[in-house]
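Numbering (the numbering used here), first residue to last: 16 to 301. Encoded as structure tokens, the structure appears first; notes follow it.
Put into structure tokens, the structure is as follows:
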């Protein structure tokens, strides 16, 4: 019965929250376009390392729907390949953050005592700093690249998941079925995996969908500042940075990747809010 309830809520959400449904469809299209980029792109080589100086800064035309950049690469192609990079960063950051945060949070919430205190104090230290500022500091130390962006962002995102899962673990620690599992002699790790972890999944799923938009923006900011993705990688924030000098005359170089960032982040936020209302309506968003 408990497994059916979230599905019923999601169906109700699809009928009631039109904006969240549209956002979900838009994100599905973006993901599909990213996966099919080599086949959808009019100039696939432009998504990697090809350059065409003779075609630099051409405006939108029938052959280049979104124009070309300063070295003649098709902007539409770069945006499609940039979607791959941005979504890769989102998936990697959220996977690492959720895994580390949920694991540490469940241990802290279930074990309690000095173990829980140490884990949560470390969590508090990370939460004391603005996430973007800490990500920038870590990215400066490391070498610019997609891997650096993933590490820098994930290192600042996991504490929120630790908080969520710790609260969920504390809520179920004293319940009858957990006490029964202890009486049966089940090891702690098994109790955490079978009883504590499943009860923290709903708020974590909601938080994942809400955080995806923030990760998109943070990754774009790092690339814009030269601390994230670097040439010849296609990435939306990097495209904005490269086109800023000619924005007043060649508006398309910045406008289209900027819109890609805006639309994707907005869709993630709308989907996350819809999931929150459907799965965890009592929760207050940070």
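Idealized CB from N, CA, C, for every residue including glycine.
What separation, rounded to the nearest whole angstrom, lies between the Cα atoms of residue 187 and residue 215?
Near 10 angstroms, if we compare the C-alpha coordinates of residue 215 and residue 187.
Cα-Cα, which of 174, 154, 83, 193 is closest to residue 213?
Of the candidates 174, 154, 83, 193, the one whose C-alpha sits nearest the C-alpha of residue 213 is 193.
How big is the Cα-Cα spacing for residue 57 and residue 81?
Using only the alpha carbons, I get a separation of about 11 angstroms.
Kindly indicate which residue of 157, 135, 42 has the alpha-carbon position closest to the one of residue 244.
Of the candidates 157, 135, 42, the one whose C-alpha sits nearest the C-alpha of residue 244 is 157.
Can you grab the Cα-Cα spacing for the pair residue 132 / residue 79, in whole Å?
So the two alpha carbons sit approximately 58 angstroms from each other.
With a 10 Å radius around its C-beta and 16 neighbouring C-beta atoms as the bar for buried, classify residue 145 as buried or exposed.
Exposed: under 16 other Cβ atoms inside 10 Å.
Is the beta carbon of residue 104 less than 7 angstroms from the beta carbon of residue 184?
Cβ distance not < 7 angstroms, so residue 104 and residue 184 don't count as in contact.
If you draw a straight line from the C-alpha of residue 265 to the C-alpha of residue 209, how long is it?
Roughly 57 angstroms separates the two Cα atoms.
Kindly indicate which residue of 68, 252, 292, 177 has the alpha-carbon position closest to the one of residue 274.
Checking every option, the nearest Cα to that of residue 274 belongs to 252.
Label residue 271 either buried or exposed according to how many other C-beta atoms from any shown protein chain fall within 10 Å of its C-beta, with 16 as the threshold for buried.
Per the 10 Å Cβ criterion, buried.
Check the C-beta distance from residue 150 over to residue 177 and give it rounded, since I have them as a contact under 8 angstroms.
At roughly 17 angstroms, the Cβ-Cβ gap does not stay under 8 angstroms, so residue 150 and residue 177 are not in contact.
Cβ of residue 229 within 6 angstroms of any heavy atom in the ligand MG?
The model depicted lacks the ligand MG and carries no ligand whatsoever.
Extract the residue ranges of the alpha helix (DSSP H) inside the segment 261-294, only unbroken runs of 4 or more that lie entirely within it.
Counting only runs of 4 or more, we get 267-294.
How about residue 75 and residue 87: are their beta carbons less than 7 angstroms apart?
Not closer than 7 angstroms, so no.
Taking just the CA atoms, how far does residue 211 sit from residue 134?
Their backbone Cα atoms lie some 17 angstroms apart in a straight line.
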